[in-house]
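What follows is a short report on a single structure.
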Amino acid sequence: MQNDFTFIIMGATGDLAQKKLFPAIHRLISKNKLGNDFSIVAVARSEFSNEQFSELVKKKISGNEAAWKTLEERLYYQKLDFDTMEGYENLGKFLKKLDKKRNIKSNKLFYLATLPKHFKGIAKNLKKFGLAEETKKNWCRVVFEKPFGNDEISAGKLNKEIRKVFAENQIYRIDHYLGKELVQNIGVLRGANRIFSPLWNAENIDHVQINLLENFGVENRSNFYDQEGAMKDVGQNHLIQLLCLTAMEIPKQFNAKSIRDEKVKVLKSIRKIIGKNVVLGQYEGYTEEKGVKRNSNTETFFAMKLFIDNKRWKGVPFYLRSGKNLGKKFASIYIQFKEPNLSMFKGQEILSNYLVIQIQPEDGMLVRLNGKAPGEKLKVMSVKMTFCHQCAFGPNSPEAYETLIHEALDGDQSVFIRADEIEESWKIIDQAIALKKKPIIYSKNSFGPTESEKMMKEKDREWFNKSENVVQGI
Ligand code: BG6
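This note's numbering puts the first residue of the sequence shown at 74, with every later residue one more than the last.
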């Protein structure tokens with residue numbers, strides 16, 4: 074249980090804080106994970122009294138009234154304009170006053186849920202006003218939201234700047250996919266199951282697909298999105314993280330250093346991407362969206378084929394694909410095994426095995442096997458074996474931000490991104506961007522430009538275009 078801390082949320086009126094962070098805190102309280110001795114200090118530019126701000130937050134919270142009461146009693150609002158000194162000075166005084174009232178010197182977790190352009194300035198000013206200091210008894214940590222940088226160079230510069238203020242062990246760069254239950258399950262699936270670990274290599278695996286498909290457009294984020302595009306928005310972070318967790322060597326120990334060392338080794342082994350292995354797309358009507366430049370060349374879809382040049386993955390392609398306004402919404406890792414030995418089943422069409430780690434909508438896992446058709450002599454048919462997360466553990470599994478806040482309070486950096494890791498992952502996206510490919514227009518509700526299918530067809534492969542029914546396995 075976490076105790077004696079002050080959680081300071083910078084950018085507390087923004088969407089992320091309102092929709093994700095406060096509900097996550099409420100859920101942690103409901104589950105008794107935060108103890109009693111903590112305060113939440115919400116910081117933003119607008120003028121609010123504590124009561125007015127509580128009312129705003131309450132709108133986003135549902136259920137467990139007692140937990141809301143606990144949160145409300147510990148919630149304070151502080152006005153701060155990120156570019157002016159006065160606010161930081163006041164924040165410093167306020168935090169001291171709060172400690173005095175609670176008669177403790179509290180640990181501090183800063184969460185920068187602001188626009189990235191404020192990261193450097195906030196870090197600098199926290200130092201200037203003595204708010205970033207750790208002592209032997211008290212920790213001070215800072216969470217940085219994404220996007221962290223815009224390319225390898227800017228991420229490197231930002232790392233340098235924030236490292237003038239915080240040591241790496243104080244810095245928590247977030248990727249909310251790392252907080253998802255099924256993503257956290259990848260390491261366990263691989264490390265704790267003898268039936269998978271010997272097969273996890275080029276000898277047995279034909280290819281891997283990592284899909285994050287969405288059936289909605291850019292919604293109200295068009296200004297931001299139009300400057301980023303799909304590769305920067307979700308490729309550099311979520312998809313590449315999933316690739317790392319799937320491909321890395323199982324670390325000798327399950328701790329932040331070993332896990333992150335192994336992920337960096339994967340990133341450094343990714344072969345430089347070439348033009349024919351990247352397809353970009355833009356959905357029809359994108360340039361008419363409010364906030365999008367009329368001649369925008371921003372991609373709302375990408376598909377890429379990557380190779381990892383090490384012994385384990387020699388010649389095995391990793392296909393990454395994501396896009397907006399597609400025909401389905403799901404996120405999964407699909408692992409296609411090589412053809413089974415068919416010598417005893419001559420004349421029958423037998424499908425290869427696959428394993429799907431389904432992150433959403435229903436989280437679970439599914440393996441396609443071959444079995445005998447009932448009654449018939451040696452007629453083979455494919456069957457599915459499933460693990461439905463919710464059926465096994467109930468509907469109350471922690472949500473990503475709940476897990477990540479808890480881990481940051483706990484000081485576990487294994488589900489956060491290290492400086493070198495973020496720079497290496499940008500390098501891959503920078504290479505793809507440097508190819509200067511033009512996005513191909515695709516219809517809404519499709520699976521992106523047909524060119525992405527061609528990328529697969531070369532070897533008779535197909536994109537995995539569905540979410541599995543992990544409850545029934547049909
Ligand atoms: C965010 C992206 O990081 O991830 C969004 O900025 C995307 O564009 C979202 O929609 C997907 O996250 P989730 O958890 O809804 O799959």
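Even glycine gets a Cβ: it sits at the ideal position worked out from N, Cα and C.
* Run the proximity test for Ile307: is its beta-carbon closer than 6 Å to any non-hydrogen atom belonging to the ligand BG6? => Residue 307 is actually Val in this sequence, not Ile. Result yes, Cβ under 6 Å from the ligand BG6.
* Simplified DSSP state of Arg175, which is helix, strand or coil -> helix
* Grab the span of the alpha helix (DSSP H) containing Asp334 for me, first residue to last. => 329-341
* Asked: Who does Met438 pair with in a DSSP beta bridge?
  -> Ile430, Phe460
* Ser395, enclosing beta strand (DSSP E) - first and last residue -> Counting along the chain, the beta strand (DSSP E) containing Ser395 begins and ends at 390-396.
* Asked: From Lys500 to Thr143, what does the alpha carbon distance come to, in whole angstroms?
  -> 45 Å
* Asked: Can you list, in chain order, the residues of its chain whose CB lies under 6 Å from that of Ala404, leaving out five sequence neighbours each side?
  -> For Ala404, where only same-chain residues beyond five positions count, the Cβ hits under 6 Å are Leu285, Ile432, Gln433.
* Asked: Taking the alpha carbon of Pro96 as the point to measure from, which residue in Gln504, Thr476, Asn542, Ile502 has its own alpha carbon closest?
  -> Thr476
* To do: Check whether the stretch 516-527 touches the stretch 253-273, counting contact only when three or more Cβ pairs, one atom from each stretch, lie closer than 8 Å.
  => no
* To do: Buried or exposed for Met438, please, with buried defined as at least 16 other CB atoms from any protein chain shown within 10 angstroms of its CB.
  => buried
* Asked: Are Gly521 and Phe374 touching if we call contact CB-CB under 7 Å?
  -> Yes.
* Sequence-distant residues of the same chain with beta carbon closer than 6 Å to Glu322, five excluded per side -> Glu335
* Pull up the CB-CB distance for Lys92 and Pro220, whole angstroms please, since I reckon it's below 8 Å. => Their Cβ separation, rounded to whole angstroms, is 18 Å, which puts Lys92 and Pro220 out of contact at 8 Å.
* Coil, strand or helix - Thr157 by DSSP -> Here DSSP, grouped into helix, strand and coil, assigns Thr157 to coil.
* To do: Give the straight-line distance between the Cα atoms of His311 and Val456, rounded to the nearest whole angstrom.
  => 31 Å
* The beta strand (DSSP E) spanning Gln134 covers which residue range? -> One point to set straight first is that residue 134 is Ile, not Gln, in the sequence displayed. For Ile134, no beta strand (DSSP E) run applies, since DSSP gives it neither H nor E.
* Identify whether Leu451 lies in helix, strand or coil by the three-state DSSP scheme. => coil
* **Closest Cα partner of Leu482 within the set Thr86, Gly87, Ser112** => Ser112
* Asked: Could you give the distance in angstroms between the alpha-carbon of Lys230 and the alpha-carbon of Ser425?
  -> 47 Å
* Asked: Buried or exposed: Val488, going by 16 or more other Cβ atoms within 10 Å of its Cβ?
  -> buried
* Status (buried if at least 16 other CB within 10 Å, exposed otherwise) for Asp299 -> Result: buried.
* Asked: How long is the line joining the alpha carbons of Asn288 and Arg491, rounded to whole angstroms?
  -> 31 Å
* Asked: Where do the ends of the alpha helix (DSSP H) carrying Asp503 lie?
  -> Start and end: 492-507.
* Tell me the DSSP bridge mates of Ser405? -> Asn284, Gln431
* Asked: Between which two residues does the beta strand (DSSP E) harbouring Gln309 extend?
  -> Segment: none, Gln309 is in no beta strand (DSSP E) and carries neither H nor E.
* Reducing DSSP to helix, strand and coil, say where Ile347 ends up. => coil
* Whole-angstrom Cβ separation of Asn518 and Gly400, contact assumed at under 8 Å? -> 5 Å
* Asked: Mind checking Pro468: buried by the 16 CB within 10 Å criterion, or exposed?
  -> exposed
* Could you tell me which residues DSSP puts in a beta bridge with Asn180? => Phe78
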